[in-house]
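K.L.:
Residue numbers (my numbering): 28 to 211.
Here a beta-carbon is modelled for each residue, glycine too, at the ideal position from N, C-alpha and C.
Shown below is the structure under consideration.
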């Protein structure tokens, strides 16, 4: 991987971490105060977030050389969410149309990250602490997405979502690794 690829992956991971924090804040505000103020910013941030996931997944693929199936599965899932969100923001589809693809595809993206981290842990290509955070955090993302089928207010959605917050730490750490590698 050349330094430009490292730089792109690093900046994408850093911006993705910041956008993820923004969506968490707007989601919490939306649940407590109402979606009138933060609904659109949250939806737009989701489009940016899943678009950035594609760049981070491409960076991981270059960095770890895993199987291409998981890369394309992750990219496809991120694309589906981004496109469905664009259709929702454009008022082409309603919220009810976005829910099932969102649950499934967010679970798939988290699962793909989990697999990447598992592979990195096995190959010792990333620090053990980083891969452990990636495995645990993305397992929480899978649990949150899958349990959303039960009910949005199901305790597993909230527990999984809280554990998934570790992914923000993982993104900051990966951005630092990639950006430092770009300088070398």
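Does residue 31 pass the burial test, meaning 16 or more other C-beta atoms within 10 Å, or should it be called exposed?
P.N.:
Under this definition residue 31 is an exposed residue.
K.L.:
Are residue 184 and residue 166 close, meaning C-beta to C-beta below 7 Å?
P.N.:
Going by C-beta atoms, residue 184 is not nearer than 7 Å to residue 166.
K.L.:
Below 7 Å between beta carbons: does that hold for residue 168 and residue 137?
P.N.:
For residue 168 and residue 137, yes; Cβs fall inside 7 Å.
K.L.:
When the cut-off is 7 Å and only beta carbons count, does residue 99 lie next to chain D?
P.N.:
No chain D appears in this structure, which consists of one protein chain only.
K.L.:
What would DSSP say about residue 61, mapped onto helix, strand or coil?
P.N.:
Correct three-state label for residue 61: coil.
K.L.:
Helix, strand or coil for residue 178 per DSSP?
P.N.:
Three-state DSSP puts residue 178 in coil, outside helix and strand.
K.L.:
Can you tell me which of the three DSSP states residue 111 falls into?
P.N.:
Reduced to three states, the DSSP call for residue 111 is helix.
K.L.:
What is the residue span of the alpha helix (DSSP H) that residue 154 lies within?
P.N.:
That residue, residue 154, is in no alpha helix (DSSP H); it is neither H nor E in DSSP.
K.L.:
Spatial neighbours of residue 56 within its chain, please: CB distance less than 6 Å, with the 5 preceding and 5 following residues excluded, ordered by chain position.
P.N.:
Taken in chain order, the residues that qualify are 65.
K.L.:
Roughly how far, in whole angstroms, is the beta-carbon of residue 74 from the beta-carbon of residue 113, given that I think they are within contact range, below 8 Å?
P.N.:
6 Å between Cβ atoms; contact.
K.L.:
Excluding sequence positions up to five away, which residues of its chain have a Cβ less than 8 Å from the Cβ of residue 47?
P.N.:
Around residue 47: 76, 194, 195 and 198.
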